[in-house]
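In the numbering used here, the protein residues as written are 1 to 202.
Don't be surprised by glycine CBs; every beta carbon is placed ideally from N, CA and C.
Keep in mind it's a predicted model, so treat the numbers as computed, not measured.
Everything on this sheet refers to the single structure shown next.
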Amino acid sequence: MQIQPRALFPTYVWTTLFDDREAFNAKLVQACYALRDQDPRGVANTNVRGWQSPNTLQGLEAFADINLRIVQVCQRIAESQKFMPNLVFQHQAWVNINPPGASNKIHYHANCHFSGIYYISLKAPECGSIFFRDPRVASRMLTYPATEPTDFTTEEVRLAPEAGRMYVFPGWLEHGVEENLSGEDRVSIAFNVLASPRLPAG
Ligand SMILES: [Fe+2]
C-alpha cells in the first residue's frame with residue numbers, strides 16, 4: 001500500500017542569492033548608513049531597539065539598483081504563478097539597521113501581494129533569523145506528538161539570513177526577526193509589492 005502526501009494551499013518563501021553580492025552590498029550599505037545619518041530617529045514600527053527608515057526607498061536614487069531587483073524578482077515570481085501579463089508592480093521599501101540586542105516583533109503586511117527582505121551586512125547566524133508562523137490558524141488547536149518537526153507538524157520556521165540573499169513571501173504570512181546576538185549591526189532592506197492591472201489609456 002502506497003500512501004502519498006499532497007500539499008494543499010502550500011505557503012512559499014522564494015529565495016535568490018545575488019551573484020554580484022559583494023560589490024552590490026558594499027555600495028548599498030553606505031547608502032543605508034547615509035540615510036540613517038540624515039534621519040537618526042527613523043520610524044517606530046516593528047523594530048525593538050533597531051533603526052528603521054521611512055518606507056521611501058522606491059523614490060531614492062541611491063537605492064535605484066535594489067529597487068529594480070525587488071521588482072524584477074517579484075515579476076518573475078508572479079509569472080511563475082500565472083499572474084496576468086502587463087501588471088504594474090508598485091513597491092515600497094525601507095532600511096532596517098538592527099544593532100546588537102535589536103529584534104522585530106511578529107507582524108504581517110497588509111495590502112500587498114508580496115513582502116520580502118534583502119540582507120546587506122550581518123554576522124550570521126548570531127545576528128538572528130527571520131521566523132515565520134504557521135498561517136493555518138486552526139492548526140494551533142492541537143500540537144502533534146512528533147519527535148522532531150516536519151514540514152507538516154512544525155509551528156514555526158526559521159530561515160537563516162545571508163548577505164546577498166533575498167527572501168520573498170506572501171504579505172499575509174506572519175513573521176518576525178530574532179534578537180541580534182552578534183556584535184555587529186544587521187543591515188537589511190524590507191519591501192512590500194503590489195501587482196495591479198494597468199488602467200486603460202485615456
Ligand atoms: Fe515584515
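{"Item": "C-alpha distance - alanine 23 paired with tyrosine 144, whole-angstrom precision", "Value": "46 Å"}
{"Item": "Contained alpha helix (DSSP H) runs [length at least 4] in the region 147 to 190, N- to C-terminal order", "Value": "none"}
{"Item": "Alpha carbon of isoleucine 106 to alpha carbon of alanine 44, nearest angstrom", "Value": "14 Å"}
{"Item": "Residue of Gly202, Ala201 and Leu194 minimising C-alpha distance to isoleucine 77", "Value": "Leu194"}
{"Item": "Sheet register partners of histidine 91 (DSSP bridge)", "Value": "Val193"}
{"Item": "Endpoints, alpha helix (DSSP H) assigned at arginine 6", "Value": "Here arginine 6 belongs to no alpha helix (DSSP H), and DSSP marks it neither H nor E."}
{"Item": "Runs of beta strand (DSSP E) lying entirely within the region 10 to 71, each at least 3 residues, in chain order", "Value": "14 to 17"}
{"Item": "Cβ distance (whole Å) where serine 116 is taken to contact arginine 49 below 8 Å", "Value": "Note that residue 116 is glycine in the sequence shown, not serine. Not a contact, Cβ separation roughly 23 Å."}
{"Item": "Option nearest histidine 109 by Cα separation, candidates Thr46, Arg136 and Asp185", "Value": "Thr46"}
{"Item": "Contact belief for leucine 57 with arginine 165 at Cβ below 8 Å, rounded distance in angstroms", "Value": "Contact flag wrong, Cβ pair sits at about 18 Å."}
{"Item": "Residue burial classification, asparagine 86 (beta-carbon count within 10 angstroms, cutoff 16)", "Value": "exposed"}
{"Item": "Residues bridged to phenylalanine 132 (per DSSP)", "Value": "Val157 and His175"}
{"Item": "8 Å CB neighbourhood of glutamate 184 in its chain, flanking five on each side removed", "Value": "Pro100, Ser121, Leu122, Lys123 and Cys127"}
{"Item": "Cross-strand partners of asparagine 96 (DSSP beta bridge)", "Value": "Gln52 and Ser188"}
{"Item": "Nearest-angstrom Cβ-Cβ length linking phenylalanine 89 and cysteine 112, presumed shorter than 8 Å", "Value": "Not quite, the Cβ-Cβ distance comes to about 11 Å (not below 8 Å), so this is no contact."}
{"Item": "Check: alanine 93 C-beta below 7 Å from any heavy atom of ligand 1", "Value": "no"}
{"Item": "Terminal residues of the beta strand (DSSP E) in which phenylalanine 114 lies", "Value": "114 to 121"}
{"Item": "Histidine 109 CB to nearest heavy atom of ligand 1 below 7 Å", "Value": "yes"}
{"Item": "Given aspartate 20 as reference, the closest of Ile66, Ser53 and Ala34 once Cα atoms are compared", "Value": "Ile66"}
{"Item": "Contact under 8 Å by Cβ, proline 161 with phenylalanine 114", "Value": "no"}
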